[in-house]
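> In this note's numbering, the protein residues as written are 1103 to 1272. We treat Cβ as the ideally placed atom computed from N, Cα and C, and that holds for glycine. There's a structure below that I have some questions on.
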């Protein structure tokens, strides 16, 4: 069934809210408990949350639970990475995936988005400045491989708060 323009706009707004507002805010505000919950039941939690947002907006949920994914890994020096996969983005700047880098206390968090762009996909990021204000940054073009993408997020994370730590993924 084809979506009306109004339904398409509501879906875009719902997905944008989920990927760029709700998820980063929850992770920055709640930290560890949210990250642990995503590690255990991530794909289902993401699906259920997006479904609830769509229900609230009065639109059908077009995605399936298998359209979402969560993978975690240990980096060096007590740091971890989580990669959250989303359904294929239909519009700019919806996300392909998020890369979250965090320390073992879940206090120092870097939140990076791999977003659909107009001509070229790009890496964005939600960062918390020293005054506790959340800002969205543009880190430029997305690298060609998943490994380079992860390393770019790690490098930006390290340059922000941990310039002496080398956490590159290999």
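Throw me the rounded Cβ distance for the residue 1211 and residue 1200 pair, which I believe falls under 8 Å.
The count along the chain shown starts at 1 and reaches residue 1211 at position 109. The count along the chain shown starts at 1 and reaches residue 1200 at position 98. The pair is not a contact, with the Cβ atoms about 11 Å apart (cut-off 8 Å).
> With a 10 Å radius around its C-beta and 16 neighbouring C-beta atoms as the bar for buried, classify residue 1244 as buried or exposed.
Here residue 1244 refers to the residue found at position 142 when the chain shown is read from its first residue. With 16 or more other Cβ atoms within 10 Å, it is buried.
> Going by Cα to Cα distance, which pick from 1177, 1161, 1215 and 1188 is closest to residue 1149?
The residue labelled residue 1149 in the question sits at position 47 within the chain shown. Taking only the C-alpha atoms, the option nearest residue 1149 is 1188.
> Quick check: what's the CA-CA separation for residue 1142 versus residue 1135?
Here residue 1142 refers to the residue found at position 40 when the chain shown is read from its first residue. Here residue 1135 refers to the residue found at position 33 when the chain shown is read from its first residue. Whole-angstrom Cα-Cα distance: 11 Å.
> Decide if residue 1246 is buried, meaning its Cβ has at least 16 other Cβ atoms within 10 Å, or exposed.
Reading the chain shown from its first residue, position 144 is the one you call residue 1246. It is exposed - the Cβ of residue 1246 has fewer than 16 other Cβ atoms within 10 Å.
> Tell me whether residue 1138 is buried or exposed, calling it buried when 16 or more other Cβ atoms sit within 10 Å of its Cβ.
Counted from its first residue, the chain shown places residue 1138 at position 36. Residue 1138 comes out exposed.
> Quick one: give me the first and last residue of the alpha helix (DSSP H) that residue 1186 is part of.
The residue labelled residue 1186 in the question sits at position 84 within the chain shown. That residue, residue 1186, is in no alpha helix (DSSP H); its beta strand (DSSP E) goes 1181-1187.
> I need the boundaries of the beta strand (DSSP E) containing residue 1155, first residue and last residue.
The residue given as residue 1155 occupies position 53 in the chain shown. Premise fails: residue 1155 lies in the alpha helix (DSSP H), 1134-1159, not in any beta strand (DSSP E).
> Relative to the C-alpha of residue 1157, which residue among 1208, 1253, 1259 and 1109 is closest?
Residue numbering aside, residue 1157 sits at position 55 when the chain shown is read from its first letter. Here the closest residue by C-alpha is 1109.
> Which whole-angstrom value describes the C-beta separation of residue 1191 and residue 1226, a residue pair presumed to lie in contact below a C-beta threshold of 8 Å?
Stepping through the chain shown from its first residue, residue 1191 is reached at position 89. Stepping through the chain shown from its first residue, residue 1226 is reached at position 124. With a Cβ gap of about 12 Å, residue 1191 and residue 1226 do not count as contacting.
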